[in-house]
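Under our numbering, think of the first position of the sequence shown as 279, with each following residue one higher. Notes for the one structure printed next.
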Amino acid sequence: MGTPSGDGRLPIIYVRGFAGNGGAINSAVDDPFYGFSQGSVHVRSDSSGRAQFHQFESPMLRLISDHKYEVPVHGDQWAFLQGVDTRSVNPASVWIHRFYDDSADTFDQDPESFSFETAARDLFKLIKLVLDRTGAPKVFLVAHSMGGLVCRSLLQRVIPEELAATDGTIDPAAGAKYVARVFTYATPHGGINFAVGFGLLERIRDATGIHGADIFGPDRMYDYLTPAARRRTLRRESFKGTEMPDDGFPVSELFCLVGSNPEDYDVALGLSSRAVGPRSDGLVQIDNAAVRGAPLAIVHRSHSGRYGIVNSEEGYQNLQRFLFGDLKIQIELVGFTVGRDAPDEVEFQLDVGVAIRGLPVLVHEQSAAHFCPVQIERWREGDPIDSPKPLLTTFLSSRAPRPLVGGRVVPRLRHALKLRLLSIAEKQGRLFFDDHMEQTEDWQDTLVVDIEPPSAGQPLPKAWAAWNSTIPTALRDWNPEEKDRLRDRDGAPNRWSGRIEVPDVMKPLLGENAGLQISVTPRVLPL
279 MGTPSGDGRL PIIYVRGFAG NGGAINSAVD DPFYGFSQGS VHVRSDSSGR AQFHQFESPM
339 LRLISDHKYE VPVHGDQWAF LQGVDTRSVN PASVWIHRFY DDSADTFDQD PESFSFETAA
399 RDLFKLIKLV LDRTGAPKVF LVAHSMGGLV CRSLLQRVIP EELAATDGTI DPAAGAKYVA
459 RVFTYATPHG GINFAVGFGL LERIRDATGI HGADIFGPDR MYDYLTPAAR RRTLRRESFK
519 GTEMPDDGFP VSELFCLVGS NPEDYDVALG LSSRAVGPRS DGLVQIDNAA VRGAPLAIVH
579 RSHSGRYGIV NSEEGYQNLQ RFLFGDLKIQ IELVGFTVGR DAPDEVEFQL DVGVAIRGLP
639 VLVHEQSAAH FCPVQIERWR EGDPIDSPKP LLTTFLSSRA PRPLVGGRVV PRLRHALKLR
699 LLSIAEKQGR LFFDDHMEQT EDWQDTLVVD IEPPSAGQPL PKAWAAWNST IPTALRDWNP
759 EEKDRLRDRD GAPNRWSGRI EVPDVMKPLL GENAGLQISV TPRVLPL
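Okay, structure coming up:
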């Protein structure tokens, strides 16, 4: 047994996605770790247009090597837990919720039918057993696809109902007593819709329940996400899968990783990705893959497969930063008055990419090429642009090892925020290209940000920032000076907020007061 952790490394329980039935369930069950140990050797490369070799071990192996987690198996994780003493197991451990085992005919000639509700109830049993045997106060839940809905059913219905008072009163936030944070890969929080068929495919799926896929339809989702005690006030017609109760599990502790690559999702010979449409990961549409108000990141990965979102560097980097990060970074657009002199039919879109020093991938990427740019509201007389406009939220760990440059550990955490503003004319729903320059942006720049985390003698972080267009050296050689330091404009004792104006040459286009606001907030594990 390893050393018990007291440093925020809570037990991690992995909940896999949908397998359908028959052979797919057998294949899932044959994997001892339900896919959490699956790695990859391909990485997308935007610069060359082709895939490059990149050996990613798997999220599970990275948790072992980077964060010293253990994976107790001993032939059967459930049996192992039942056979050991209370508080005898390392809290820094990984557990697999093997809810498909009873539905595999490789173990039984008469397997049980898969039950979504049973999977959610059994997850609560596993959580309580893990907490008892490890002595940990709470667990982290990590889930792929349908697994995220199992976790939400646990938090929104199962735990509140099981802990209901004798008069039937429930505490919608009761799940937070057991679960600290939830990370979902490509979960259809808003269900699964199709871009073809005008709703007919969804109606057939929900009416027939083929292979149990009706769990992705609104009727079944309403049922397993809504406690019976709340159905008088939350009716089916007002239910939205992408919304969680305001008084329930805090959405700030739920992270949604969204995929934007449908081309490489080859399930059903590519029929799935064509049916769901280009603005998706091949199975889940981008708009359905996140909970309203929850932090998220978009990465150019497919739902599964060679370029799958779980077995990706991008996925792991977001996972470890959300679970273990002690700094929350928020970036917002402020003062933008784009389009004030443009014709009414011109619309603006912003491509956004986030790079972190030492990583070979972007940890967040929204672009028009991937059908998911940030839509920029244009300025109109008498109708000011909402400001500030949230752009992204990410997380950092001040304890994480930092890259070595020239044999020395870099003193600060460096990010690069890549921004690219494009415009195009749209009339009556059609695009016009009369004076359009394809792939040519109105503005492009990269904001380079260095953050010095808080320390014992420094309760708030420090930050320096500069636009790449103003840096006269190679980016790797840039050493920020005092003029680059961002001053704290917030004044609160537990929050730092600074602002940087856009380059002067771009103010006529972007606005005289246009800039970016960066906020850094210390983050405490909710125990």
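Positions of the beta carbon are idealized from the N, C-alpha and C atoms, including for glycine.
Give me the residue from the options with the minimum Cα distance to residue i.
{"i": "F358", "options": "E439, Y347, L407", "result": "L407"}
{"i": "G519", "options": "G769, V569, G735", "result": "V569"}
{"i": "V783", "options": "P800, Q722, P750", "result": "Q722"}
{"i": "E531", "options": "A507, V420, F517", "result": "V420"}
{"i": "L697", "options": "W774, W745, I374, Q608", "result": "W745"}
{"i": "Q736", "options": "V321, R773, I587, H345", "result": "R773"}
{"i": "L669", "options": "A770, V652, Y585, T412", "result": "V652"}
{"i": "W756", "options": "A734, V351, V688", "result": "V688"}
{"i": "T447", "options": "G313, G603, R509, P771", "result": "R509"}
{"i": "P369", "options": "Q355, A491, R287", "result": "R287"}
{"i": "N566", "options": "G537, S550, R552", "result": "G537"}
{"i": "A553", "options": "D604, G684, A620, A473", "result": "A473"}
{"i": "R754", "options": "D285, F331, L682", "result": "L682"}
{"i": "A792", "options": "E779, V798, L725", "result": "E779"}
{"i": "A633", "options": "A646, G789, A575", "result": "A575"}
{"i": "L725", "options": "R765, D766, P781", "result": "P781"}
{"i": "D400", "options": "D379, G776, A329", "result": "D379"}
{"i": "M522", "options": "I482, G477, R430", "result": "R430"}
{"i": "S675", "options": "G317, A302, H345, S318", "result": "H345"}
{"i": "S318", "options": "Y312, Q330, D309", "result": "Q330"}
{"i": "G571", "options": "G453, V545, D524, S550", "result": "D524"}
{"i": "R765", "options": "G353, A452, R777", "result": "R777"}
{"i": "H352", "options": "Y456, R498, P310, Q627", "result": "P310"}
{"i": "F718", "options": "Q627, R767, G631", "result": "Sequence inspection shows Thr at residue 718; the Phe mentioned does not correspond to that position. Cα-wise, what sits closest to T718 is Q627."}
{"i": "P415", "options": "G313, Q360, A454", "result": "A454"}
What residues are listed by DSSP as bridge partners for residue i?
{"i": "K696", "result": "G631, T724"}
{"i": "R763", "result": "W742"}
{"i": "G537", "result": "V577"}
{"i": "Y292", "result": "I374, V420"}
{"i": "E730", "result": "K740"}
{"i": "Q387", "result": "None; Q387 has no bridge partner."}
{"i": "G793", "result": "V612, E779"}
{"i": "S558", "result": "Q563"}
{"i": "S318", "result": "F334"}
{"i": "W774", "result": "V798"}
{"i": "E531", "result": "None; E531 has no bridge partner."}
{"i": "L691", "result": "I729"}
{"i": "E348", "result": "S371"}
{"i": "Y585", "result": "Answer is none; Y585 lacks a bridge partner."}
{"i": "Y463", "result": "H422, L535"}
Taking the Cβ atom as the reference point for each residue, do residue i and residue j lie within a distance shorter than 8 Å?
{"i": "Y543", "j": "H489", "result": "no"}
{"i": "S336", "j": "N539", "result": "no"}
{"i": "L787", "j": "V616", "result": "yes"}
{"i": "P804", "j": "T671", "result": "no"}
{"i": "E610", "j": "Q795", "result": "yes"}
{"i": "F402", "j": "E439", "result": "no"}
{"i": "G495", "j": "E515", "result": "no"}
{"i": "Y463", "j": "L535", "result": "yes"}
{"i": "I861", "j": "V577", "result": "Any answer about residue 861 is impossible in this case: the structure gives the chain only from 279 up to 805."}
{"i": "R686", "j": "W657", "result": "no"}
{"i": "A458", "j": "F418", "result": "yes"}
{"i": "T384", "j": "N299", "result": "no"}
{"i": "Y500", "j": "H320", "result": "no"}
{"i": "A487", "j": "G295", "result": "It should be noted that the sequence gives Gly, not Ala, for residue 487. Not closer than 8 Å, so no."}
{"i": "D720", "j": "W742", "result": "no"}
{"i": "A382", "j": "V460", "result": "no"}
{"i": "L601", "j": "R801", "result": "no"}
{"i": "S371", "j": "Y347", "result": "yes"}
{"i": "E625", "j": "I702", "result": "yes"}
{"i": "P638", "j": "H332", "result": "yes"}
{"i": "A646", "j": "L700", "result": "yes"}
{"i": "G789", "j": "F533", "result": "no"}
{"i": "D629", "j": "Q644", "result": "yes"}
{"i": "S797", "j": "Q608", "result": "yes"}
Worksheet entry | the segment 467–476 / the segment 358–368 touching (three or more Cβ pairs under 8 Å) | The segment 467–476, when compared against the segment 358–368, does not touch it at the 8 Å Cβ threshold.
Worksheet entry | Runs of beta strand (DSSP E) lying entirely within the segment 604–689, each at least 3 residues, in chain order | Listed in chain order, they are 605–612, 624–634, 640–644, 652–654, 667–674.
Fill in: contact_flag[the segment 337–352, the segment 586–602] where n(CB pairs < 8 Å) is 3 or more
When Cβ pairs closer than 8 Å are counted between the two stretches, the segment 337–352 is seen to touch the segment 586–602, the count reaching three or more.
Practice prompt. Return the chain-ordered ranges of every beta strand (DSSP E) run that is complete within the segment 421–461 and spans a minimum of 3 residues.
Written response: DSSP runs (the beta strand (DSSP E)) wholly in the segment 421–461: none.
Practice prompt. Say whether the segment 724–731 touches the segment 681–695, bearing in mind that this needs 3 or more beta-carbon pairs closer than 8 Å, one atom from each stretch.
Written response: Contact holds: three or more Cβ-Cβ distances are below 8 Å.
Worksheet item: If we count Cβ pairs, one from each stretch, closer than 8 Å, do we get three or more for the segment 492–506 versus the segment 425–445?
Response: Because the criterion of three Cβ pairs below 8 Å is met, the segment 492–506 and the segment 425–445 touch.
Worksheet item: Do the segment 554–562 and the segment 513–529 make contact, defined as three or more Cβ pairs closer than 8 Å?
Response: No, because fewer than three Cβ pairs between the segment 554–562 and the segment 513–529 fall closer than 8 Å, the two stretches do not touch.
Worksheet item: How about the segment 374–381 and the segment 291–307: do they share at least three Cβ pairs that are nearer than 8 Å?
Response: In short, these stretches touch, since the Cβ pair count reaches three.
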